[in-house]
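Everything on this sheet refers to the single structure shown next.
Here it is as structure tokens:
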């Protein structure tokens, strides 16, 4: 009798574990078979040398060996899905070439990183060619790190790269967490040199890009102050491109991280009706511009849509 009950409980336990595992796997939606952007979708053509240096550091043999091994281990991945995941792996490597420490926020991209590490000699060669040192693996993070570091990761990512529907799916959406207040305070108060020492790799590579990132963040912080003081306003113009949308959304994320961080999710969710906030789009057509006053106040770099909010025309309130 007792043995029979134990057997029933064991079977129930196995079934429950299986269902939980199945549910977890279903959370990772299948990626779309979309064209992969050239040059890693980098927004600024002046940054192409960094992209080219990364590509040259990855040998064809190494890339092919990693791909073959992973597709064997993940038969559920199609060829194009792997290519998209490796595309995001390379974007992650580029961010690591700028910042001292970059947590991993995608379990699927982390699977690729793990496999790359298995080819020890090839990984060391790649790492030392591109970083001049060994890039140590930082595991896929748990929820305790998300609120502290995810917001800054998203802001850096969107400052460098054009977002795509697959990018949002792979990374679980963007701008869902506020940027850490300590980071924002540092960017407000510290000199460029001190910021590089604290947050960026100090080698001389890509200093222009690091400077651009610092100036962009400082600008958005000061624009946030102008919004708070009523000198500029948040507005809701139409948009025609995902890339254009996120150029404005990043500024709003900085504003709410500074002034309404305790209600960040609610404000960002209300602030834009676009589904870009949570994941792949479902056809929503309107979203929000940031810190509009006049067309002369805007840095139009990075936007590529034909929407009037590129110059705040018609979409901004005074």
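Numbering (the UniProt record's numbering), first residue to last: 1 to 318.
All C-beta atoms in this analysis are idealised placements derived from N, C-alpha and C, irrespective of residue type, glycine included.
- Under the 10 Å beta carbon count, residue 137 is surrounded by fewer than 16 other beta carbons and is classified as exposed.
- In summary, residue 61 is exposed, with fewer than 16 beta-carbon neighbours lying within 10 Å of its beta-carbon over all protein chains present.
- At the C-beta level, residue 39 and residue 48 come within 9 angstroms of one another.
- At a Cβ-Cβ threshold of 9 angstroms, residue 88 and residue 66 do not count as neighbours.
- Residue pairing by DSSP places residue 42 opposite 161 in a beta bridge.
- Sixteen is the threshold: when 16 or more other Cβ atoms of the shown chains lie within 10 Å of the Cβ of residue 153, as they do, the residue is buried.
- For secondary structure counted as the alpha helix (DSSP H) over 4 or more consecutive residues, the stretch 50–120 holds these complete runs in sequence order: 60–73, 79–98 and 107–118.
- Taking a contact as a CB-CB distance under 8 angstroms, the pair residue 42 and residue 161 counts as one, their CB atoms being some 6 angstroms apart.
- By the criterion of a C-beta distance shorter than 6 angstroms, residue 260 is surrounded in its chain by 267, once the five residues flanking it on both sides are discounted.
- Close CB contacts of residue 203 within its chain, under the 7 angstroms cut and outside five residues either way in sequence, are with 132 (chain order).
- Under the criterion of beta carbons closer than 8 angstroms, residue 187 and residue 218 qualify as touching, at roughly 6 angstroms.
- Contact annotation, residue 256 with residue 165: C-beta distance approximately 24 angstroms; criterion of less than 8 angstroms not satisfied.
- In this structure residue 105 touches residue 150 by the C-beta definition: roughly 6 angstroms separates them, less than 8 angstroms.
- Between residue 172 and the set 215, 85, 34 and 247, the nearest pair of CA atoms involves 85.
- Around the Cβ of residue 115, a 10 Å sphere holds 16 or more other Cβ atoms; the residue is buried.
- Boundaries cannot be given for residue 177, as no alpha helix (DSSP H) includes it and DSSP labels it neither H nor E.
- Here the alpha carbon of residue 82 sits roughly 47 angstroms from the alpha carbon of residue 229.
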